[in-house]
Amino acid sequence: MKQSGGVEASIKLVRAGMVYRTASGPVEALRDISLDVERGEFVSLVGPSGCGKSTLLRIIAGLRPATAGAIRVDGMQVMRPISNVGMVFQAPVLLKWRTVLDNVLLPAELAGRSPAGYRQRALDLLRLVGLGDFAGKRPHELSGGMQQRASICRALLLDPPLLLMDEPFGALDAMTRDDMNLELLRIWGEGRAPGGQRKTILFVTHSIPEAVILSDRVVVMSQRPGTIAAVEAIDLPRPRTVETRASEDFGRLSLAIYRALDRGKARASQAGIAEARQPGGGIRAQS
Ligand code: ADP
Ligand code: MG
41 MKQSGGVEAS
51 IKLVRAGMVY
61 RTASGPVEAL
71 RDISLDVERG
81 EFVSLVGPSG
91 CGKSTLLRII
101 AGLRPATAGA
111 IRVDGMQVMR
121 PISNVGMVFQ
131 APVLLKWRTV
141 LDNVLLPAEL
151 AGRSPAGYRQ
161 RALDLLRLVG
171 LGDFAGKRPH
181 ELSGGMQQRA
191 SICRALLLDP
201 PLLLMDEPFG
211 ALDAMTRDDM
221 NLELLRIWGE
231 GRAPGGQRKT
241 ILFVTHSIPE
251 AVILSDRVVV
261 MSQRPGTIAA
271 VEAIDLPRPR
281 TVETRASEDF
291 GRLSLAIYRA
301 LDRGKARASQ
311 AGIAEARQPG
321 GGIRAQS
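Now the structure itself:
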């Protein structure tokens, strides 16, 4: 991938692999993942359920160590949970005894900063995602989609340069989701020049249209063990708008990704058959 001014990519994976050790034996989640995400780039990951998308975000964030290969964020080897990252998990994981506002303020406390200094920003973020009236509520008083929006505010509180987002809009209805997509592009910095001004975002989704509307590139993963089946550049003009979704190019790119997903599935099932035929075939854990 091209890199600007000799600056290393924001995220760099070199032949990364991940094998979970479970009571019933090793589970190979990821194999041989090499990927550079540039600073300021918006990259989406699509792939079948269970292909290792969440695992990939976890090893980049340093929440789990990869079992093979190397991972660097901003040129630094990932050895432990990284700071300066906003993470949105597949499930909202809010603390149920805290108000929505206090949940959003949590990263400030964890970073040893005064939450009071972030209060206004937290309230502004909540208003931005339509939760202005819910700051004082507890998480159980919110729907799943509203909780997820609160967890997005929490990830944005400290304005991190890197966002790792795991199906953040999966629980939202289609219309809210479309609105949130365009809002996320604004937060990312779509209006600003490409490069350092924008956040770097790695975004997991099940939705091909969502991946296309948001991304600079879409990485298509194969079935487990997840490998990179294809990388599709999304050369649609920015800023993207509601009209973008109706364009011919949008349809063409969506179809290309759909086909790449299908090829990834076919390839994985062929590999599975070949592996099963070999004596002693199957998954071996890497150390
Ligand atoms: P995705 O997010 O693409 O649906 P995951 O990364 O959640 O996939 O999971 C990839 C594979 O790894 C799945 O087969 C899943 O069962 C397995 N897996 C995920 N987390 C763990 C874990 N903590 N322990 C054991 N196996 C896991
Ligand atoms: Mg997942």
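Quick note on numbering: my numbering labels position 282 of the sequence shown as 322, and the sequence is numbered without any gaps.
Yeah, the Cβ is synthetic: ideal placement off N, Cα and C, and Gly gets one too.
Keep in mind that this is a model prediction, so the values were computed, not measured.
By the neighbour-count criterion, in which 16 or more other beta carbons inside 10 Å mark a residue as buried, residue 288 falls on the exposed side. Linking residue 246 to residue 210 through their CA atoms gives a straight-line distance of about 8 angstroms.
In the structure shown, the three-state DSSP call for residue 172 is helix. Exclusion of the five residues before and after residue 75 leaves 53 as the residues of its chain whose Cβ lies within less than 6 angstroms of its Cβ. Counting only the Cα atoms, residue 93 lies some 28 angstroms from residue 231. For the segment 198-253, the continuous beta strand (DSSP E) assignments of 3+ residues that do not extend past its boundaries occur at 202-206 and 240-244, in sequence order.
If you check the CB distance, residue 70 and residue 49 do not come in under 8 angstroms. Assignment of residue 155 by DSSP, reduced to helix, strand and coil, places it in the helix class. Take residue 72, set aside five residues on each side of it, and the residues of its chain with a beta-carbon closer than 7 angstroms to its own are 55, 57 and 267, in chain order. Taking the Cβ of residue 94 as the reference point, at least one heavy atom of the ligand MG falls within a distance shorter than 7 angstroms. Exclusion of the five residues before and after residue 190 leaves 132, 134, 140, 143, 144, 166, 169, 171, 174, 179 and 182 as the residues of its chain whose Cβ lies within less than 8 angstroms of its Cβ. Contact annotation: residue 239 and residue 204 have beta-carbon atoms that are not nearer than 8 angstroms.
DSSP, reduced to helix, strand and coil, places residue 99 within a helical segment of the structure shown.
A residue is called buried when at least 16 other Cβ atoms come within 10 angstroms of its Cβ; residue 110 does not meet this threshold and is exposed. Take the alpha-carbon of residue 225 and the one of residue 123: they are about 23 angstroms apart.
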